[in-house]
Amino acid sequence: MPELNGGEIIAEYLEREGVEYLVGIPGHGSTNLLDAFNDVDVEVIQPRHEQGAVHLADGYARASGEPLAVFTSIGPGATNTVTGAATAFVDSIPMVIFTGAPQTHEYGQGILQELDRHRPGDFPRVMEPVTKQSFTVHDVERLPRVLRRAFQIALEGRPGPVHIDVPMDVQGAVADVEIPDPATSRSHSRPGGDPEHVAEAADLLAEADRPVIVAGGGTMLSEAWDEVQTLAEHLTAPVIPTFQAKGIIPEDHDLFVGYAGWIGSTAGNELASNADVVLALGCRFSDLHTSSFEPGVSFEIPPSKLIHVDIDPEEIGKNYPVEVGIQGDAKVVTGQLHDAAAERLDPVGTADNDYYDEIQRLWADWEEQVQERHSDDVPMSISRVLAGLREVLPREGMVVSSAGQPQETTNPEFPVYEPRTNISCGGYSTMGFGVSAAIGAKLARPDRPVVDVEGDGSFLMTIQEVACAVEHGVDLVYLVLNNEGWKSIRNLQVDKYGWDRVLDTPFSEEAAVDFVGAAESFGVDFAERVVKPEHLADTLAGALDHDGPAVVEAVVEPDNPDSGAIITGEWDLADLEGKGL
15 MPELNGGEII
25 AEYLEREGVE
35 YLVGIPGHGS
45 TNLLDAFNDV
55 DVEVIQPRHE
65 QGAVHLADGY
75 ARASGEPLAV
85 FTSIGPGATN
95 TVTGAATAFV
105 DSIPMVIFTG
115 APQTHEYGQG
125 ILQELDRHRP
135 GDFPRVMEPV
145 TKQSFTVHDV
155 ERLPRVLRRA
165 FQIALEGRPG
175 PVHIDVPMDV
185 QGAVADVEIP
195 DPATSRSHSR
205 PGGDPEHVAE
215 AADLLAEADR
225 PVIVAGGGTM
235 LSEAWDEVQT
245 LAEHLTAPVI
255 PTFQAKGIIP
265 EDHDLFVGYA
275 GWIGSTAGNE
285 LASNADVVLA
295 LGCRFSDLHT
305 SSFEPGVSFE
315 IPPSKLIHVD
325 IDPEEIGKNY
335 PVEVGIQGDA
345 KVVTGQLHDA
355 AAERLDPVGT
365 ADNDYYDEIQ
375 RLWADWEEQV
385 QERHSDDVPM
395 SISRVLAGLR
405 EVLPREGMVV
415 SSAGQPQETT
425 NPEFPVYEPR
435 TNISCGGYST
445 MGFGVSAAIG
455 AKLARPDRPV
465 VDVEGDGSFL
475 MTIQEVACAV
485 EHGVDLVYLV
495 LNNEGWKSIR
505 NLQVDKYGWD
515 RVLDTPFSEE
525 AAVDFVGAAE
535 SFGVDFAERV
545 VKPEHLADTL
555 AGALDHDGPA
565 VVEAVVEPDN
575 PDSGAIITGE
585 WDLADLEGKG
595 L
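Right, dumping it as structure tokens:
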């Protein structure tokens, strides 16, 4: 067996896993690890903040389905990864995060950047709630096994981030070890549903008059897009994805009806709340998606009968009672359901089908509402800017978004047509996510144009990562929608307390940021501001044609009371009396 130090073991194992990039920022706690990457075919990318490193790996995995590895030093470099890890954990995105740790013989001595007042080398406890598992490697000979297990856990079942804390002396220690073959620790099949329960679910679907299919993020993770569309077409059932499954079916398909929930479509909420059978595939039923579980607004379960399919049994029946619960992979189980339904029911036609006609009418009504928002007023609406982007972005183009007003308009209104072309943080709702996630998405799919739609407040939280895009020549567009502040939160304050109680956002005229100048200071060659809608298409087309990072600042209306979105459902925020708690 070869004699390798800890850093070399990690480097060679990542190479065997086919990991394309190691992303992170060096520090004294990671020098032994990093040095080994001079000798393997894994490119090291250094962002400008550790949070950005994790978001970059996150965007890469969402776009490709494959994990990256992240590395940091000990101390604040390690804690800076927590927000990114939490974002990935909530949305079930795989990656492996390496952090430096104290030398094993100095654990508990309070060395530089050690957390030791409760337990020696206590950082892994920080990572426990935001990862599937956290390992600490105290012996270099154990490192190959930990690496194999870490990637197995990150990728198998419900995916997610895994953390490995590697003490500095373990990184440099030498051992005669064998680097394991990753294929020997992977399942070679996916779990299907129990045939008896699949048959029960197929009976319900065959007998249903108003079935709907709610595709969640699990369908995207399992690559179930063909199966979902095939089943929907057999049943002539509308597809109402969650935002994490945006793109699971083309949004110009006649069975796509938008989304359910607080900012869902009127069509999606109407059809979901009046369904007799709801087939949920890899779906968590979160508060935003369900209008905070208010009966009859987005869903009414019961009397609607719920078939709930999920790889994670803890999600089945968590928020709604099930008629049939099936644990299994969304792709496999959806295929099983189609085969079983086809044995019971011929394909449902669209001719003389009142339900199909209702679907088309409701969708047409929603599209008309969206179209009405595309006026040429100045300042522009967010909807108008997004319409201009859709006009020039190719069908296979990818759009990325972070939390805030732009996401609240992009997700329900911006049509996408292919899987993995919408990269958007979900349940952790992280501002600044897209700035680095877009870099990762472009690295994963260099053949596709990538546009990150950011609000001005969100962009400023991680703007330093533009330098990373410039350094590596990543060809993407940052579309910054400038409404002069954190207006989603400002509007919530107005709704709850009135204008006289609002602590306004600190984006005063005196402190206004010159986004074009800021972009140029990072070395961006194409940076332009758009104020009038007639200039949108040409400017965005020029940015897409530009070779390298581009920034387009679009000045949009600052005082839309609905945060830029069409509010069609409900979202329960606690008032002063504690409502909703």
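Here the sequence shown stands for residues 15 to 595, where the numbers follow our numbering.
Where a beta carbon is used, it is the ideal one built from N, C-alpha and C, also for glycine.
In terms of DSSP beta bridges, what is Met394 paired with?
Val570
Could one say the Cβ of Phe270 lies closer than 9 Å to chain D's Cβ atoms, at least one of them?
Absent from the structure: chain D. Only one protein chain is present.
Quick check: the Cα distance between Ala50 and Ala25, rounded to an integer number of angstroms?
6 Å
Where Leu218 and Asp470 are concerned, what is the direct C-alpha to C-alpha distance, given to the nearest angstrom?
48 Å
Complete runs of the beta strand (DSSP E) confined to the stretch 484-571 [at least 3 residues]
491-496, 540-544, 564-569
Nearest CA to the CA of Gly206: which residue from His486, Arg62, Glu329, Asp324?
Asp324
Does the stretch 286-294 come within contact of the stretch 185-202, defined as at least 3 CB pairs closer than 8 Å?
no
Does the structure place the stretch 437-453 close enough to the stretch 99-110 that three or more beta carbon pairs sit under 8 Å?
yes
C-beta atoms of Val538 and Val484 nearer than 9 Å:
yes
Cutting at 6 Å between CB atoms, please list the residues of its own chain near Ala189, excluding the five before and the five after it.
Val154, Glu155
So who's on the other strand from Val414, going by DSSP bridges?
Ile437, Asp466
Excluding five sequence neighbours on each side, which residues of the same chain lie with their C-beta closer than 8 Å to the C-beta of Asn283?
Ala274, Gly275, Ser305, Val311, Ser312, Thr582, Gly583
Which residues mark the beginning and the end of the beta strand (DSSP E) in which Ile178 is found?
175-181
Whole alpha helix (DSSP H) runs in the stretch 22-53 with 4 or more residues, listed along the chain?
45-49
Pick from Asp130, Pro181, Glu329: whose alpha carbon is nearest that of Gly171?
Glu329
Within 10 angstroms of the Cβ of Gly20, are there 16 or more other Cβ atoms? Answer buried if so, exposed if not.
buried
Do Phe270 and Ile277 have their C-beta atoms closer together than 9 Å?
no
Leaving aside the five residues before and after Gly402 along the sequence, list all residues of the same chain whose C-beta is less than 7 Å from its C-beta, in chain order.
Pro547, Leu550, Ala551, Leu554
What residue does the alpha helix (DSSP H) around Val68 start on, and which one ends it?
64-78
Assuming contact is defined by CB atoms lying nearer than 9 Å, are Val6 and Leu285 in contact in what I supplied?
Nothing about residue 6 can be read from this structure; the chain reaches only from 15 to 595.
Note down, in chain order, each residue of its chain lying with its Cβ closer than 7 Å to the Cβ of Tyr121, except the 5 sequence neighbours on either side.
Pro134, Gly135
Within its chain, find whatever has a CB closer than 6 Å to the CB of Gln185; leave out the 5 residues flanking it on each side and keep chain order.
Gly20, Gly21, Asn46, Leu47
Under DSSP, the alpha helix (DSSP H) around Pro209 begins and ends at which residues?
209-221
What does DSSP give as the partner residues of Val188 in its beta bridges?
Asn19
In chain order, what are the residue ranges of uninterrupted alpha helix (DSSP H) at least 4 long that sit wholly in the stretch 242-304?
280-287
Given a threshold of 16 other Cβ atoms within 10 Å of its Cβ, counted over all protein chains shown, does Asn496 qualify as buried or as exposed?
buried
Check whether the Cβ atoms of Val465 and Leu490 lie closer than 9 Å to each other.
yes
Specify the secondary structure class of Leu590 as computed by DSSP and reduced to three states.
Note that Leu590 scores 47 on pLDDT, short of 50, meaning its location in the model is unreliable and no value can be drawn from it.
State buried or exposed for His119, treating a residue as buried only when at least 16 other CB atoms are found within 10 Å of its CB.
exposed
Taking Cβ to Cβ, would you say Thr150 is nearer than 9 Å to Ser44?
no
Look at the Cβ atom of Cys482, then the Cβ atom of Ile59, and state whether they are nearer than 9 Å.
yes
Using 8 Å as the cut-off, can you tell me whether the stretch 392-402 makes contact with the stretch 220-239, which would need three or more C-beta pairs spanning the two stretches below that distance?
no
With respect to the alpha helix (DSSP H) encompassing Gly454, which residues constitute its N-terminal and C-terminal limits?
447-458
Tell me the residue span of the alpha helix (DSSP H) that contains Gln419.
419-427
Under the three-state reduction of DSSP, which class applies to Lys345: helix, strand or coil?
helix
With a floor of 3 residues, list each beta strand (DSSP E) that falls wholly inside the stretch 100-180, ordered by position along the chain.
109-115, 147-150
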